Each structure stands twice: as structure tokens, then as C-alpha cells.
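If you're matching them up, the sequences are chains U and F in order. As numbered in the numbering used here, residues 5 to 462 make up the first sequence, in order. As numbered in the numbering used here, residues 140 to 333 make up the second sequence, in order. To start, the structure under review is shown below, and the notes come after it.
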Amino acid sequence: MIKGNKDHAALADIFNQDEARVDWHDETLWFVRAKRDKAANTLSEWEALRENAAQIKDNVLSNLHDYLSEFESNAQKNGLIVHWAADAAAHNQIVLSILKAKEISKMVKSKSMLTEECHLNEYLHQNGVEVIDTDLGERIVQLAEEPPSHIVLPCIHKKKEEIGELFHEHLGTPKGASDPKLLTAAARIHLREKFLTRRAAITGVNFAIAETGEFVVCTNEGNADMGAHLSEVHIACMGIEKIIPKRANLSVFLRLLARSATGQPITTYSSHFRTPRKGQEMHLILVDNGRTQQLGRADFRNSLKCIRCGACMNTCPVYRRSGGHSYHTAIAGPIGAILAPNLNMKQYADLPFASTLCGSCTNVCPVKINIHEQLYKWRQVIVKEGYADPKKTMAMKAMEFTLSHPSVYRNAGKTGRWLMKNMPFLVNNKLNAWYTQRDMPAVPQQSFSEWYKKNNNE
Amino acid sequence: MSSRAQILARVKENQPTLTNLPADLTGMVQYPDPVAMFGSVLDGIGGMMYRVKDYEELISLVKTQFAGLERIISTIPELEELTEKDWQDLPPHSYEDVDVAIIKAHFGVAENAALWVTESLMGQRVIPFICQQLVIVVHKKDILSNMQEAYQQISNAHYGFGTFIAGPSKTADIEQSLVLGAHGPKNMTVFVLA
């Protein structure tokens with residue numbers, strides 16, 4: 005952890021102070037997870053689709069060099085201007101230079117987790133460019149000056165009354181109004197004005213097709229399309245892992261994406277951009293920012309298969325009860341916890357520990373990323389590299405000693421049972437996190453091996 | 140070394156041993172009545188489907204359903220009597236007050252009620268997004284069962300822009316309450332021509 009920052013456990017503690025809100029957050033996300041199950045169960049080929057998608061992504065990672073070159077050359081033939089950015093800073097500079105060349109100081113942006121990862125909004129703001137996020141959830145967190153707490157549902161942590169208050173302050177809705185229909189209608193009017201007056205639009209990219217040089221953007225609101233089709237300049241930003249080989253591969257990914265994300269059969273819009281509109285300039289930025297490094301880590305490269313559906317978050321018992329902001333990184337939840345340590349092992353050393361390793365994330369992942377196994381592997385790397393929480397390292401060392409010395413183990417058990425029975429305050433106190441929000445178990449009279457020794461002889 | 144060369148070199152160095160693309164899947168879902176399935180999925184995502192026998196019936200339905208609305212545009216020659224003339228070459232921003240846009244789809248997909256529309260059918264790219272209400276016309280024989288058939292149909296067709304549209308623009312960003320008409324059309328009507 006960087007000094008002065010709070011780790012996942014400390015941030016989760018803050019979230020957990022409001023128990024009713026935690027229950028609500030937990031139930032809302034479980035509701036989304038249940039919708040995912042229902043949607044998946046409508047297709048008997050669901051598991052075959054997941055397996056197929058995973059194999060396509062395996063092929064992509066193993067042939068990424070050629071696919072990137074093929075994609076670039078086809079995109080250029082289609083009239084796109086292709087840029088390459090080694091890291092977040094390079095990406096942000098490219099965006100700014102495109103805007104400067106056109107003397108544009110105000111723009112709209114649809115959802116792109118990559119631009120969150122690169123902190124593009126802050127950078128542009130510092131350079132005098134106003135960015136309006138046009139996804140409703142993203143606009144809400146932008147008005148609240150917060151980052152998104154979920155990659156698909158950016159303001160899932162906010163109550164409608166809080167959103168009503170924000171809209172009252174910024175959009176002039178009546179004080180106390182919190183009806184989602186009314187608030188959405190107000191946002192529609194507010195954002196239409198932005199779409200109609202901004203000359204540049206940024207979008208993310210869900211899939212980029214090597215064979216044709218086109219890219220696909222999926223939204224429910226239509227905000228990516230409103231921005232792109234009304235702009236003079238369209239800038240699409242993508243991580244290099246978003247490539248798929250063939251257009252026909254979309255038949256697999258588009259069937260999996262929305263069903264896994266929200267339980268919808270498909271997003272309202274799945275837009276395929278191939279050439280710029282007449283008179284429009286279309287830029288595409290290919291970003292590395294740590295991805296080639298992750299590609300080289302055999303144990304973790306599978307994380308690059310992610311299609312950003314968010315299913316692993318919705319199902320995660322830790323995410324649901326700790327909230328997205330406790331992960332202190334652009335992509336929260338289980339997938340974020342295996343992506344972030346690649347970028348900065350020290351800063352995100354806590355994240356792979358924010359998991360029960362129950363494996364539910366792996367079971368719902370539409371591209372079969374072995375998320376919980378990677379979390380477990382990251383823990384080992386982080387401890388080995390010396391970035392683990394010192395308390396944890398100490399406890400693990402004590403445990404290792406105890407478990408490798410049978411006589412110590414037997415005595416430790418005996419002592420523990422005696423202490424818990426006669427001096428419970430020694431273990432059940434504020435220093436022992438295991439006992440916060442837990443009751444003491446009844447202390448057994450004897451250990452299993454003592455019981456076995458006795459009963460086996462009879 | 141340029142960023143491009145640097146990134147590509149690092150990719151080449153770090154990518155694992157080549158694995159093959161999997162074989163295409165077979166035995167994808169088939170519906171005995173794709174049109175009925177399409178209608179029921181569309182209903183579930185906030186759209187409405189009507190079966191009509193010809194353009195005459197379609198025109199009379201449009202007249203009653205959208206009575207009193209001023210700006211109706213279409214790219215379908217058969218609907219000329221209903222719509223604004225010579226609208227196609229205006230700046231995209233000028234369609235902001237279009238009440239109803241009526242366009243054709245190449246085909247629809249029963250499993251998700253998505254309709255495939257390319258630029259040539261839209262007039263302008265922004266039309267299906269900026270209009271207040273969207274109407275899409277599709278032939279009954281062009282309702283496919285699944286997305287695999289959809290991409291077989293698209294094959295290597297050339298388009299500058301194409302999109303699958305499934306229902307009206309929507310959001311559930313405020314406490315997961317579904318609201319239709321986020322930025323784009325507030326509702327969507329699909330006419331299936333016999």
C-alpha cells in the first residue's frame with residue numbers, strides 16, 4: 005500500500021458502517037446475478053459458447069502480433085487514423101493533441117473503462133478541456149465527483165434520493181424529486197444539448213475485428229452513437245487485447261456479453277463502425293499500458309481475455325458487501341484484483357486478498373478466466389516479492405512453524421481451547437479482526453486427534 | 140523506436156505458443172416459429188411487434204398510431220405519402236426534432252429481437268438514434284433464429300456503419316429501475332411484413 009492510502013479492508017470498513025445500505029447493495033447486485041442465470045439458462049448451448057469464446061481468446065493472445073498488424077492495416081484502408089500508446093500518459097497526450105489540432109475544448113465521452121484506467125478526464129481538465137460523460141450512471145458519478153464503482157453499473161452504490169439531490173443542484177430538478185423516470189428525463193434533456201453542441205466524441209471499443217478493421221461498441225442508452233454520429237471527430241480508445249480475428253466471432257461474443265452483464269438477450273445497440281462518416285475524422289488509439297507485460301506472465305495472461313461484462317463482480321460475496329470503491333482502482337471486483345497488481349504490485353498488493361476464493365467468479369465468467377486461481381497465485385507472488393501486509397506475513401510465518409512441528413501444533417490447540425474457555429478476552433478483542441461481527445464458537449472439550457485416539461481403542 | 144514498433148515487439152516477445160481457432164459451433168438454438176419468438180422477446184425488452192399483410196395495412200396503422208405527430212421521415216419509398224420529402228442531405232443535428240423515423244432492416248434475430256440495419260437503410264447514421272420514436276420494417280422470411288445465422292447472413296458485406304438494434308433506448312442506472320428513452324427513441328415498433 006502507498007502510505008496514506010487506505011487498503012481494501014479499511015475502505016470496506018467505511019462502507020460497512022451503514023449496514024442497511026450494505027444489505028441493499030448486496031441484494032441489488034444479487035438480483036442482477038440472478039437475471040444473468042435466467043438469461044444463460046435460456047440457451048442450451050451456453051456452456052459451448054463459453055468454451056468457444058475462451059478458445060477464440062486463447063487464439064487471439066497467441067497470435068496478437070499478427071492480428072494487431074492486420075487490424076491496423078485494414079482500419080487504415082477504411083480511412084481511420086490509427087495511433088499507438090505505450091502507456092496512459094501517451095494515450096492522454098494523443099487525445100489532447102487531436103483536440104488541439106481541431107481547436108476543440110469541449111467534448112462528450114461514452115463509457116470507456118480504458119479512459120478511467122488512464123485518468124483521461126483529469127488530464128483533459130488540467131489542460132482546459134471539458135469532458136461530459138454521457139452514460140447516465142457515469143454522468144451521475146461525474147456530478148458527484150466520484151469514480152464509477154462498477155464497470156457496467158457505474159452508480160450502483162447510489163440511492164435515488166442522493167441522485168435526486170445531485171440533479172436538483174446541477175440540473176435544476178425539483179427539490180426532493182427522486183423518481184427514476186423523472187430524473188432520467190431530466191438527464192436526457194441535459195445531455196441532448198451536449199450531444200448537439202460538442203464537436204468531438206470519445207467512445208470505448210468492445211471488440212475490434214482484425215479481418216475487416218471495424219470496431220464494435222455496445223450500449224443500451226445509445227449514447228456512444230449519439231456522440232459519434234453528431235461529431236466532427238470521433239476518437240475510439242481500446243486496449244490491444246480487444247482484438248478478435250473474424251467478424252463471425254461476434255456471433256459468439258454478442259450472445260455472451262449482455263446475458264452475462266445484465267441478463268439482457270443483447271444490448272440495445274451493437275454498433276459496427278467501419279469507416280468515418282462523410283466529412284468526419286475517425287481516430288483509433290491502441291493502448292498497451294501494461295498489457296504486453298501481463299501477456300508475458302503465464303499465470304496471469306488469461307486476465308486479458310476479459311470482455312468487461314461485470315458478472316464476476318455481481319456474483320462476488322466480497323464485492324457485494326464491500327462496494328466498488330473499496331478496490332481503489334478503475335476496475336473493481338475479482339477481475340480488477342487480478343489486473344491491478346500487474347500495473348503496480350505494491351499499490352494493489354491488498355486486492356488479491358479481498359476474496360474468499362469461493363470460485364463463483366470463475367464459474368460465471370463468459371470467457372472462462374480462472375479468476376480465483378489467479379487471485380490465489382497473485383497472493384503467492386505478492387508475499388514472495390515482499391509486498392504483503394506485515395501482520396499477514398507474521399501470522400503466516402507463525403502458522404508455518406506450528407504446522408511443520410506436530411508437537412507444537414498439539415500444544416497450540418490445547419492452549420487455544422483452554423484460553424478461549426477461560427480467558428476469552430485474550431482472543432476476542434479489537435486486535436483480532438476475525439471476531440469483528442462474529443460470535444465466539446463453543447469451545448470443544450478435546451481435539452479431533454484426542455477424540456480419535458480414545459474412540460478408536462474402544 | 141516508435142510506440143508502434145515497441146508495442147508490437149513486446150507482444151511478439153510475450154505472446155504464448157500459437158493455438159488454433161476453434162471450429163464453428165453447430166446445433167445452435169432453432170425456434171419452430173421465429174416470428175413469434177421475436178415478438179415475445181421484443182415485448183420483454185420494451186418494444187412492440189405487429190404483423191401486417193402489406194404496406195397498405197402498415198400505412199393505416201402508422202396513421203393511427205402516430206396521429207398528430209409532425210415530423211415523420213422514412214427511407215422506404217412505399218411510405219412516401221406519410222413522410223417529409225427530401226430530408227436526407229441535411230446536417231445530422233437537424234434531425235433532433237424528428238418524431239418518428241421509419242426504416243427497413245436487413246433481417247431480425249428471434250433469440251434477442253435484434254434487427255440488423257446498415258447505413259444505406261438509415262439515410263444518415265444518426266437517424267435511428269436521434270429520433271423520438273423508431274419504427275423498423277422487416278420481412279417475415281427474414282426473421283432468423285440465432286446470431287450465428289445472423290453473421291452468416293452478413294458474411295463479408297461491405298458497410299461503413301451497421302448496427303443491431305434491439306428495442307428502445309434504455310437505462311437502469313438509477314437503482315436498477317428500467318426507464319425507456321435514455322438518449323434515443325422512447326419506444327420501438329417493428330412491423331413484420333407477410
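A virtual CB, placed ideally from N, CA and C, is assigned to each residue, including glycine. Quantities reported herein were computed from a predicted structural model and do not represent experimental measurements.
Can you tell me whether DSSP reads residue i as helix, strand or coil?
i: F/S316; result: coil
i: U/M5; result: Confidence is the limiting factor: at U/M5 the pLDDT is only 38, short of 50, which leaves the residue's position unreliable, though a coordinate-based value still follows. DSSP places U/M5 in coil when its eight states are reduced to three.
i: U/T201; result: helix
i: F/T328; result: strand
i: F/F205; result: coil
i: U/I60; result: helix
i: F/D238; result: coil
i: U/R40; result: helix
i: F/I184; result: coil
i: U/D137; result: strand
i: U/K113; result: strand
i: U/E285; result: strand
i: U/V464; result: Since the first residue of chain U shown is 5 and the last is 462, residue 464 of chain U is not available in this structure.
i: U/I342; result: helix
i: U/H172; result: helix
i: U/I193; result: helix
i: U/K350; result: coil
i: F/A253; result: strand
i: U/T266; result: coil
i: U/Y323; result: helix
i: F/T156; result: coil
Can you tell me where the beta strand (DSSP E) with residue i in it begins and where it stops?
i: F/S213; result: I211 to S213
i: F/W118; result: Lying outside 140 to 333, the shown extent of chain F, residue 118 of chain F is not represented and no answer is given.
i: U/F211; result: F211 to I213
i: F/F246; result: F246 to V248
i: F/Q272; result: Q272 to H278
i: U/G300; result: That residue, U/G300, is in no beta strand (DSSP E); its alpha helix (DSSP H) goes R295 to G300.
i: U/I239; result: V237 to G243
Which residue comes first and which comes last in the alpha helix (DSSP H) that contains residue i?
i: U/Q130; result: L124 to Q130
i: U/R383; result: I375 to K388
i: U/K81; result: L68 to K81
i: U/R305; result: No alpha helix (DSSP H) contains U/R305, which DSSP labels as neither H nor E.
i: U/T397; result: P394 to S408
i: U/W438; result: Element bounds for U/W438: n/a, residue is neither H nor E.
i: U/L103; result: A92 to A105
i: U/P87; result: Per the sequence presented here, residue 87 of chain U reads as His, with Pro not at that position. Counting along the chain, U/H87 falls outside any alpha helix (DSSP H), though it belongs to the beta strand (DSSP E) covering I85 to A89.
i: U/C365; result: S364 to V368
i: F/P267; result: I266 to I269
i: U/G231; result: N227 to L234
i: F/E152; result: S142 to N153
On the criterion of 16 or more Cβ atoms from any shown chain inside 10 Å, does residue i qualify as buried, or is it exposed?
i: U/L140; result: buried
i: U/A16; result: buried
i: F/Q227; result: exposed
i: U/I6; result: With a pLDDT of only 42 at U/I6, under the threshold of 50, the placement of this residue in the model should not be trusted, and no figure is reported.
i: U/F452; result: exposed
i: F/N339; result: An answer regarding residue 339 of chain F cannot be provided, because it is not within the stretch 140 to 333 covered by chain F.
i: U/N415; result: exposed
i: F/A296; result: exposed
i: F/Q291; result: exposed
i: F/A305; result: buried
i: F/A148; result: exposed
i: U/R442; result: exposed
i: U/Y456; result: exposed
i: F/P230; result: exposed
i: U/E404; result: exposed
Taking DSSP's pairing of strands, which residues face residue i in a bridge?
i: U/S275; result: U/V221 and F/T302
i: F/T310; result: F/V318
i: U/Y413; result: DSSP, once it has assigned bridges, lists no residue as partnering U/Y413.
i: F/K90; result: Any question about residue 90 of chain F goes unanswered here, given that chain F covers just 140 to 333.
i: F/R190; result: F/V331
i: U/I155; result: In the DSSP output, where bridge partners are listed per residue, U/I155 has none listed.
Strictly under 7 Å for the Cβ-Cβ distance: is residue i near chain B by that measure?
i: F/V239; result: No chain B appears in this structure, whose protein chains are U and F.
message: If the cut-off is 9 Å on Cβ atoms, which residues from the segment 242 to 265 of chain F count as contacting chain U, listed in chain order?
response: Answer in chain order: V248, E250, N251, A252, A253, T257, E258, Q263, R264 and V265.
task: Below 8 Å between beta carbons is the criterion; list the residues of the segment 143 to 163 of chain F that meet it against any residue of chain U, in chain order.
output: For the segment 143 to 163 of chain F, the beta-carbon criterion of a distance under 8 Å to any beta-carbon of chain U is satisfied by R143, Q145, I146, L147, R149, V150, K151, E152, N153, Q154, P155, T156, L157, T158, N159, L160, P161 and D163.
- prompt: Taking Cβ-Cβ distances below 7 Å as the criterion, which residues of the segment 200 to 224 of chain U are in contact with chain F?
  reply: Listed by position, the residues of the segment 200 to 224 of chain U near chain F (Cβ gap below 7 Å) are L200 and N224.
message: Using a Cβ-Cβ cutoff of 9 Å, what residues of the segment 299 to 315 of chain F are near chain U? List them in chain order.
response: Along the segment 299 to 315 of chain F, going in chain order, the ones with a CB nearer than 9 Å to a CB of chain U are G299, F300, G301, T302, F303, I304, A305, G306, P307, S308, K309, T310, A311, D312, I313, E314 and Q315.
- request: Could you please tell me which residues of the segment 75 to 104 of chain U, in chain order, have their CB closer than 7 Å to any CB of chain F?
  value: Taking 7 Å as the Cβ-Cβ cut-off against chain F, the residues of the segment 75 to 104 of chain U that qualify are W88, A89, A90 and A94.
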